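Following: one structure in structure tokens, then a few remarks.
Number of protein chains: 4
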Amino acid sequence: MVRIGIIGAAGLSGRELLHWLKNHPQVKIELLTSSKYQGRQVSEVFPELTAYSQVFEPNESDVSACDLVFLAIPNQASLELVPKLLEQGVRVIDLSGAFRLGDTEVFSKFYQLTHTAPELLDEAAFGLPEFYKDEISNARLVANPGCYATGALLGILPLGDLLAELDRAPIIDAKSGVSGAGGRVEGDMTNYVSVNENFKAYKVFAHQHQPEIQQYLTELSPYSTKESGDVIFTPHLLPVNRGILSTIYLHFPEAITVAEIRSRFSKFAAEQKFVHFMDEGDLPDLKVTLNSNRVMIGAESDESGQNWVIVTSLDNLVKGASGQAIQNMNLMCGLDESLGLL
Amino acid sequence: MVRIGIIGAAGLSGRELLHWLKNHPQVKIELLTSSKYQGRQVSEVFPELTAYSQVFEPNESDVSACDLVFLAIPNQASLELVPKLLEQGVRVIDLSGAFRLGDTEVFSKFYQLTHTAPELLDEAAFGLPEFYKDEISNARLVANPGCYATGALLGILPLGDLLAELDRAPIIDAKSGVSGAGGRVEGDMTNYVSVNENFKAYKVFAHQHQPEIQQYLTELSPYSTKESGDVIFTPHLLPVNRGILSTIYLHFPEAITVAEIRSRFSKFAAEQKFVHFMDEGDLPDLKVTLNSNRVMIGAESDESGQNWVIVTSLDNLVKGASGQAIQNMNLMCGLDESLGLL
Amino acid sequence: MVRIGIIGAAGLSGRELLHWLKNHPQVKIELLTSSKYQGRQVSEVFPELTAYSQVFEPNESDVSACDLVFLAIPNQASLELVPKLLEQGVRVIDLSGAFRLGDTEVFSKFYQLTHTAPELLDEAAFGLPEFYKDEISNARLVANPGCYATGALLGILPLGDLLAELDRAPIIDAKSGVSGAGGRVEGDMTNYVSVNENFKAYKVFAHQHQPEIQQYLTELSPYSTKESGDVIFTPHLLPVNRGILSTIYLHFPEAITVAEIRSRFSKFAAEQKFVHFMDEGDLPDLKVTLNSNRVMIGAESDESGQNWVIVTSLDNLVKGASGQAIQNMNLMCGLDESLGLL
Amino acid sequence: MVRIGIIGAAGLSGRELLHWLKNHPQVKIELLTSSKYQGRQVSEVFPELTAYSQVFEPNESDVSACDLVFLAIPNQASLELVPKLLEQGVRVIDLSGAFRLGDTEVFSKFYQLTHTAPELLDEAAFGLPEFYKDEISNARLVANPGCYATGALLGILPLGDLLAELDRAPIIDAKSGVSGAGGRVEGDMTNYVSVNENFKAYKVFAHQHQPEIQQYLTELSPYSTKESGDVIFTPHLLPVNRGILSTIYLHFPEAITVAEIRSRFSKFAAEQKFVHFMDEGDLPDLKVTLNSNRVMIGAESDESGQNWVIVTSLDNLVKGASGQAIQNMNLMCGLDESLGLL
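Chains as they are written, first to last, in my numbering: chain Z, 1 to 342; chain H, 343 to 684; chain R, 685 to 1026; chain L, 1027 to 1368.
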């Protein structure tokens, strides 16, 4: 049994971890913390989680009973807490953005924070299991990817060597439900009357997931920003609770056949537990990944074969956050990658 | 007083015409038809329209009491009816797509219909008042623009001569509420459980508004598809009743300054009654144009000044359909363009 | 021209007043205040209100240029401001609950506030124009009714003398959109993820509109709480932006015929500009009153004729707040009751 | 292993059965039918159900490989099919309303159908496991309860002997998401634009679940309609996908203490796997039962103690349909009642 703790267990991601972990056969929950609800019973705060008899502890609680801790707290709080936890010999899966970017200047620019633990950046494994299985398995610290970054990277990276041929920067037009966008933007953006029957772009050319997508795209593929330009990423706020749909525009100087594109995605999906490539002619909508840890991908081209639209769908609270974190925990603990996630 | 008729007055666009015309000071309604509700009183079918004492007549009713007729019926039905109405000396504003495209082969491909009145295509004025005021004023037949096309064209065309410099095709990633998308796609797409808490792309590289955008973009600007490629247009279905937000990606080989872009849009907006250009740093959401005949436009660039994102917002049932149709009627009848629309 | 001011013009009710007043032919806006947005231009804060060139002033601004002032601020703030305004000779329409209840003990209990201006309670006219036209016309101070109270009272009071026969307390099961419920309850209730895809009862047996309904029901009809009991009122929170639907259960010891019930409502509706009684067999939904100042009413009985369900629909921001306030302003100023509201 | 079939596996209830059964450890799926999708693979029609390799067969397929069959088809179709299935020795759980009512005249009146298998009515067990465990365990035919009926009965019946004291008919004001209401009402009621941002009462004094509630209330408690009147039931349509919230009004001639009411519900909940009684002061909303087989119940009284409001929440597709059906299957097959449902 893995003895785990969740710091920030009453936020959206924390609550989602509780939902999935309640049936996980190899997990023993030792610590749940919440600054807002400390002292109250989990099932009183979340009546739907009747299985939990635990009480929320303060965020600063002793973690020594835990082998592994999930951090579902703001960037700044993670930045401060992670070094302390590692020092105590606890392994960490950090759901914040604190340890995803390798460049502290880029971090400062997009997060408006000074990075106070740069010595850990090299060590931190990027928790995208489809590409970093070994690193994650052996990591003390896993930086769980951003929800938008997961949807973008898994829609582009499977093309592998074909990405060397792109002559223009990929354009990622992404649309997120409120639970995916809300935590990272100010006040009014999560108010019902502001969001319902509405739709908007936000943080255009300024969202912190753009450098995350770009860093791992260049690290994991032959795509070069110098030659083809910075990745263009536009997030939008959808009036739904959960889900991210990304519409990705790729342009090739020469036609790429349907067979070439489909074989890359099909092969990739066949090797991965939580990646599904749609049948020809089908594109995923949000519904097909709701409440699941899967990402689903579809692809369409124009008649020239030069322009491709890739559409990816995932549930931002599952594959985009807590489900992926559990997938990473499974790998770190030598368990089946999909345990507790089907 | 203009004596008008509405053929198809009980559909979404027809009902919206009724809403706006009930307070129009220069309109006398002579005929309202509906195949579904013929024989029933308007205010019985739509209790919110208590002002209407008329009864819905059959679609084939005599229009001789009308000076001008709005057609809010399917493409095929418009195609058949328009020649007959013109023959009877009635002026027509057609809200369908039947007379928007100049090329009957393109029409056949995208509408899956043979064009049976090609002799009228030259004569038909494209009902985008911001660009065709004179043609509309004198027209017997106005082809009211598609909702997506209105949002795309008004976000690109104001840039005028700058469009000659585009070295890549504009990419229009558009998101529409159900009333804008529903009429033109099959069954399940308008079912509540299918749409609510969902989001999807549809008709990728296959939507009939793509050639409409492309035709008028090349007709009204120096943009050349031969040099820079076919316009890329991806429609999506939003879980809201009304509204279209278009995110438009433009790429210039050389940096364009903020001042250059803003001056083009500001000048254009200043000359137009229903175009509003947002303050610097602001982008429109759906809410700012809800229930109004306005299109609102915002623009953002990346640091290089080569990549621009233009966002436009409109209400698909007003500026995207019935409001624009009334704007056209006002022009055709020598009235103030905004009469009844403020 | 009536010279008016709006204190709290940037809240939901204030913004709705701005929407309706922009086309009102007899109103001149002298003062708009907002504590949150003071110093900013109206059209910058609300891009959809392009017609307004004014700047939001502080809430404490001088009102001496105004004949009449709308208060769209919290209960406590109204309680403090109203006596000062009246002293300055300005007439006041108060949209808060501060001056609706005649009994200061009941007020304290339901509003958790001590009433600091009890001397004005007798003078304040209850702004339900269907029943207090004369009082409103002559009032210095109008207490604009609560949204729930308007929907409940207009569904019961038209039955007039029949209400003497009720042998049980009316049960009002009311469902409100977020803009109607949000202002009066705490934090989380207006968060998108909490409200969307959800529904709940709140403040059961504890909502401040219960004593309001009860007071005016007994004042304006022969209904007696001593004989038949306290009115039962349960508010619920609907995942929609606007609208209140009230399902009202009435029980008579002897059968009442359909004709008797219908004649009472029909007669009442015929005399009122903004009350509509549905055709037999029809009940109103929220949509039929959206964005209008109307209340729509329907009635159904069981086979015995003893049990009646009355359903009323209104838009909480219009007939439930700002529209009704303008209706009251028209009466106070000797204008047509419906001016600017059609 | 129980070998099961689902007739009508692609409707809302059928699809929900597939969702829950995919992880059920004691079920082997032998037959899935769908008239609409026959010949197509399950995972092609529902990409989210990637686990299913089966193909939808025609509704008339041979069921001889099945021990037990779920019917998720319309009332008329169930009425015809059930006798044939029983004759073949297959046990049946019927999710339609065909075998719930004991009185064929009442059935005809509310379902507009003649009952063609009245000989089976006595034998059919009513599939409310909280009250009919033994009958269900031994049944050949289980009539799975209506979603509204489940929510109403589980909110009233736990009061047991106290129900003898009710001097007025219970009033059940119920609000259902579209998946609960849609299947049983006509066309427009499930169209997105008709439902979204809307709310309505429907089938007032005419819904087929009223006699179902009344029959089992009188059968399972001392409540008497002769003395206290027919149960009053008003269904409403909520703009959400799933969930039913019922607000139940009970009146006692003498005060009932909070302790009395709470002890009845607490005791009942303690004995049942899927019934949860809220803490004092709490009422359930829809969210707490979403995607679960639980019903959650809360209770509040006025100061007199004579008027009580009971609120129940359930997911109409789970406890209101397919989850309850699986609970019944478990009982029929001697398995743990909650197998596959946690």
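Don't be surprised by glycine CBs; every beta carbon is placed ideally from N, CA and C. These numbers come from a predicted model, not from an experiment.
With at least 16 other beta carbons inside 10 angstroms of its own, E48(Z) counts as buried.
In this structure, DSSP gives I73(Z) a state outside helix and strand, which the three-state scheme calls coil.
The alpha-carbon of I29(Z) is positioned some 29 angstroms away from that of Q1353(L). A residue is called buried when at least 16 other Cβ atoms come within 10 angstroms of its Cβ; L508(H) meets this threshold and is buried.
If only complete runs of 4 or more residues are kept, the segment 367-413 of chain H shows the alpha helix (DSSP H) at 384-387, in order along the chain.
Along the segment 185-217 of chain Z, the positions whose C-beta sits under 7 angstroms from a C-beta of chain H are E197, N198, F199, K200, A201, V204 and F205, read in chain order.
Per DSSP, G493(H) is one residue of the alpha helix (DSSP H) stretching across C489 to I498. Shown here, Y933(R) sits in a strand according to DSSP, grouped into three states.
A distance of 8 angstroms or more separates the beta carbons of S1220(L) and H1262(L). Contact annotation: the segment 1035-1045 of chain L does not touch the segment 722-737 of chain R, with fewer than three C-beta pairs closer than 8 angstroms.
Cβ atoms of S96(Z) and L71(Z) come within 8 angstroms of each other, at about 6 angstroms.
At a cut-off of 8 angstroms between C-beta atoms, H1050(L) does not count as an interface residue with respect to chain Z.
Between N1170(L) and G1153(L), the beta carbon gap of about 4 angstroms places them in contact (Cβ cut-off 8 angstroms). Of all residues in the segment 279-297 of chain Z, only D279, D282, P284, K287, V288, T289, L290, N291, S292, R294 and M296 come within less than 8 angstroms of chain L when Cβ atoms are compared, listed by chain position.
Taken atom to atom, the span from the alpha-carbon of L496(H) to that of S263(Z) is near 40 angstroms. A straight line joining the alpha-carbon of L770(R) with that of R824(R) spans about 7 angstroms. Rounded to whole angstroms, T631(H) and D657(H) show a C-alpha spacing of 6 angstroms.
Here P1237(L) is near L1127(L), since their CB atoms are less than 8 angstroms apart. For the 8 angstroms CB-CB criterion, G1331(L) and T1283(L) form a contact. Runs of the beta strand (DSSP E) spanning 3 or more residues and lying entirely within the segment 252-325 of chain Z occur at 275-277, 295-301 and 307-314, in chain order. Y816(R) and Y900(R) have their alpha carbons spaced roughly 11 angstroms apart. For the options I945(R), P854(R) and L934(R), the alpha carbon positioned closest to that of D914(R) is the one of P854(R).
Residue state for S1202(L) is assigned as strand, using DSSP reduced to three classes. When DSSP states are grouped into helix, strand and coil, N365(H) belongs to the coil group. The C-beta distance from L922(R) to H708(R) rounds to 30 angstroms, too long to fall under 8 angstroms, and the pair is not in contact. Residue contact check for H578(H) against chain R: no CB pair falls below 8 angstroms.
The C-beta of H1302(L) comes closer than 8 angstroms to at least one C-beta of chain Z. Annotated as distal: V979(R) and F949(R), with beta-carbon spacing of 8 angstroms or more.
Leaving aside the five residues that flank V397(H) on each side, the residues in its chain whose CB is nearer than 6 angstroms to its CB run, in chain order, Q383. With distances taken between CA atoms, Q614(H) lies nearest to D678(H) out of R510(H), D624(H), Q454(H) and D678(H). In the structure shown, the three-state DSSP call for K1226(L) is strand.
Across the structure, A51(Z) and K22(Z) are spaced so that their CA atoms are roughly 7 angstroms apart. Only those residues of the segment 578-597 of chain H whose C-beta falls short of 7 angstroms from the nearest C-beta of chain L are listed: N583. Taking a contact as a CB-CB distance under 8 angstroms, the pair S655(H) and P626(H) counts as one, their CB atoms being some 4 angstroms apart. Contact annotation: A459(H) and P500(H) have beta-carbon atoms that are not nearer than 8 angstroms.
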